[in-house]
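Step one of this worksheet: look at the structure below.
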Amino acid sequence: MDNEKIEKMKNLIKEIEKHNYNYYVLDNPTISDVEYDKLYYSLVDLEKETGVILPYSPTQRVGDTVLEGFNKKRHEIALYSLNKVRDFEELDSWVQDMKKLADGTDFAVEYKFDGLQIVIKYNNGVFVSATTRGNGIVGEDVSLQVKTIKSVPLQIEFKGRLIVQGEGMMTNKNFELYNKTATEKLKNPRNAAAGAIRNLDPKETAKRNLDYFCYSILLCEGENFKTQQQMHDFLVKNGFQTGNYFKICKNVQEIIHCINEIDVVKSKLDVMIDGMVIKINNVLSREKIGWTAKFPKWALAYKFEAQEATTILKKVTWQVGRSGRVTPIAELEPVELAGATIKRATLNNIDDIRRKDVYENSRVFIRRSNEVIPEIMGLAEKFENSKEINEPLLCPSCHQKLTQKSPLLFCTNHKNCPDQVVDRLVHFASRDAFNIEGLSDKTCMQLFKELNVHSPCDLFDLDKENLLKLDKFKDKKAENLLNSIQNSKIIEFYRFLNALGIGEVGVKTAKDLAKSFATFEELKNATFDEVLQVKDIGPIIAQNIVDYFNNDENISEIECLFEKGVEIKEIAKNESSENNKFENITFVITGTLSQPRDFYINIIENLGGKVTGSVSKKTDYVLVGEDAGSKLDKAREFNIQTLNEEEFNNLIK
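For the sequence shown, my numbering gives the first residue as 10, with consecutive numbering after it.
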């Protein structure tokens, strides 16, 4: 026997039990689900390797400790856990096993809700009691709390004895509504639901406006269900909320299709789910296949890649943007999340920091959705050396006194604050603006400090003699930069607008403006109401645009650009709508192509189409280059037409 591995198992068990206590007893989790799963599966793998299962291992336990403070209640029907798989290979293996054991079977696929499990009992059509899962044998009586949930029917059509199983949850919409007025903000919908149901005062539970999603019938007197489909239909008929997703699949390909379908849209759902549950549909087949001591063999859960984790917030640095706004940036201990290594996250302002109750040297929850910048959700654990975060009094770049506007901080030294000037120059030269190659942050800082470049207009006065004075600038590098600046002078309308850095006007809004106004002069002289007519532009952005063009300094800068030879390639309205062959057509681009991705995006959008970042059922075409990855797999799974470059070129011709 490998004593070192046994000792490692003991340490893992000790750590897992500590986190179980924090989560279930204290209702104060200090790690994320993905970190817990990593610990748990490390223990499972060691038990398989050694062939040893210690008697107190959490892998042998169905549930967890019951809270003190509620009356304990024994379940009439013992509750089981669900076995979990981590990839499609494991899923396929399970499906093939099930098909061998139950010839010709099909499968029911439903959401795996991420809430608090609750068992509800009815008798003679009337609500009798509600009990938390507890340890699967004994739970907590939360009848008064659950009766406050409006989606729990207090009276049903069925008059026999009925015991159902489901999940108490707080929808994302209700979570946001609650936090708008709450003195103490909630961390996330899952913890909000657990805390509400475990609150001894039902009035406090009611304030959180919870929901109940039902997915299983444990006992139904007098009924003989033959399939999961029949059970689902029974629940709907009797007024239970089920989550509006239920599919019957005949093979693993159809199951994977369902999983991919929901994986794409899960962050847009109003309920938190962390996977999909797959069950054999036929009840007789289930009885034949049976159970282990811990879970049914005929069902399992496929868990999605984690969107949430915890890590250490090491420190907060304050960053000055091109508008002068000073924003706190959280420097994190690196953590893997949703396929990326996360080292930094944004914190909006000092009010956001206080609301989330986070500190330097504290453990925090972070979430990443739809491949966007990760967000800090709140405090997971505070330590003895945790330190309060205070906002700066002076600009971290130019050291001038900052101005407070509500919870936001601004540096008003627009012309001489190094970070502001450099950020504006970098934005001006970026790919979706003037596309000047060679103007990195470092080079822009050199130009600011050594050649007195304070505005984009100054870039067009640069010459080779001065550039050669800069560190690491030789003939070739200087010539390349000057050529790139010269070539940038003829510019598309939307790129010019994006380069100006108008508040809240990004690439998409710039394109919408360029399509709506025939010339730059027309846009410059437009009224608030005229700008507001542009699709997807609201009052705030419209006012930003009008204010920008009413500012003398901005107009002087624009006129300077024109004097230096900048010309806008404007497209008349009738020309821009001449060819809309891709109108209402959605593309996804994946892999390495012969041209930069923006090249294809511009072609598609100029022909009236749209480019999105992920494949869904609404995608019409996927443009595929070399080394295409998961997006190509999903396109094949959804039977979406794929195009190589040659086929794409033929299509646009």
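Beta carbons are placed, not taken as given, at the ideal position from N, Cα and C, and that holds for glycine.
Residue i, enclosing alpha helix (DSSP H) - first and last residue
i, result
"D220", "Taken as a continuous stretch (DSSP letters only), D220 belongs to no alpha helix (DSSP H), being part of the beta strand (DSSP E) at D220 to C229."
"F529", "F529 to K533"
"K159", "Taken as a continuous stretch (DSSP letters only), K159 belongs to no alpha helix (DSSP H), as it is neither H nor E."
"N20", "N12 to N29"
"V575", "It is not in any alpha helix (DSSP H) - V575 carries neither H nor E in the DSSP assignment."
"C258", "Taken as a continuous stretch (DSSP letters only), C258 belongs to no alpha helix (DSSP H), being part of the beta strand (DSSP E) at F255 to C258."
"R377", "No alpha helix (DSSP H) contains R377, which DSSP labels as neither H nor E."
"I398", "Neither: I398 is in no alpha helix (DSSP H) and is coded neither H nor E."
"L293", "V292 to I298"
"R364", "I359 to K365"
"R645", "S639 to E646"
Strand pairing of residue i, partner residues [DSSP]
i, result
"D150", "T140"
"Y120", "M285"
"S371", "L322"
"V94", "Y311"
"I129", "A139 and V173"
"L652", "L632"
"V516", "Beta-bridge pairing links V516 to no other residue."
"K619", "T595"
"L388", "V373"
"E501", "K578"
"K688", "Here the chain has residues from 10 to 662 only, and residue 688 is not among them."
Terminal residues of the beta strand (DSSP E) in which residue i lies
i, result
"Y311", "A308 to K312"
"P343", "R334 to L346"
"W327", "E317 to V329"
"L171", "L171 to M178"
"Y32", "Taken as a continuous stretch (DSSP letters only), Y32 belongs to no beta strand (DSSP E), as it is neither H nor E."
"L479", "Premise fails: L479 is in no beta strand (DSSP E) and is neither H nor E."
"K6", "Residue 6 lies beyond the stretch modelled for the chain, which goes from 10 to 662, so this question has no answer here."
"R83", "K81 to R83"
"L186", "Element bounds for L186: not the beta strand (DSSP E) but the alpha helix (DSSP H), N181 to T190."
Proximity to residue i [Cα-Cα], best of the options
i, options, result
"R217", "V53, F184 and Y609", "F184"
"A310", "V104, K517 and T595", "V104"
"I499", "E656, I577 and Y65", "I577"
"I271", "N260, Y254, I564 and K259", "Y254"
"V575", "V516, R504 and V543", "R504"
"G231", "I172, N181, H241 and I612", "I172"
"G169", "D470, C229, D242 and I206", "C229"
"I375", "N31, D42, I22 and L209", "D42"
"F313", "D46, Q650, D607 and N247", "D46"
"D279", "N197, D636, Y65 and G622", "N197"
"P305", "I289, T320 and T599", "I289"
"Y120", "C267, M18 and I165", "C267"
"T180", "S152, E193, G134 and Q250", "Q250"
"K679", "T140, E85, E166 and F167", "The question about residue 679 has no answer, for the chain in this structure spans 10 to 662."
Between the CA atoms of residue j and residue i - distance to the nearest angstrom
i, j, result
"T528", "L434", "25 Å"
"S464", "K352", "32 Å"
"N20", "N37", "21 Å"
"I62", "I25", "15 Å"
"N489", "V462", "18 Å"
"E58", "T350", "30 Å"
"E587", "N611", "The predicted model places E587 with a pLDDT of 47, which falls under 50 and marks its position as unreliable; any figure quoted below should be read in that light. Roughly 16 Å separates the two Cα atoms."
"T39", "E397", "19 Å"
"E572", "Q542", "31 Å"
"H436", "L477", "24 Å"
"E384", "T621", "22 Å"
"A5", "D150", "Absent from the model: residue 5. The displayed extent of the chain is 10 to 662, so no value can be given."
"I15", "Y49", "15 Å"
"V373", "Q174", "32 Å"
"A215", "S371", "32 Å"
Neighbour-count burial assignment, residue i, 16 or more Cβ in a 10 Å radius
i, result
"R95", "exposed"
"S406", "buried"
"E501", "buried"
"Y131", "buried"
"K590", "exposed"
"E13", "exposed"
"Q413", "exposed"
"T536", "exposed"
"L293", "exposed"
"N496", "exposed"
"G60", "exposed"
"G638", "exposed"
"A644", "buried"
"S102", "exposed"
Check: residue i C-beta below 6 Å from any heavy atom of the ligand NAD
i, result
"S90", "By its list of ligands, the structure shown contains no ligand whatsoever, and the ligand NAD lies outside what it can speak to."
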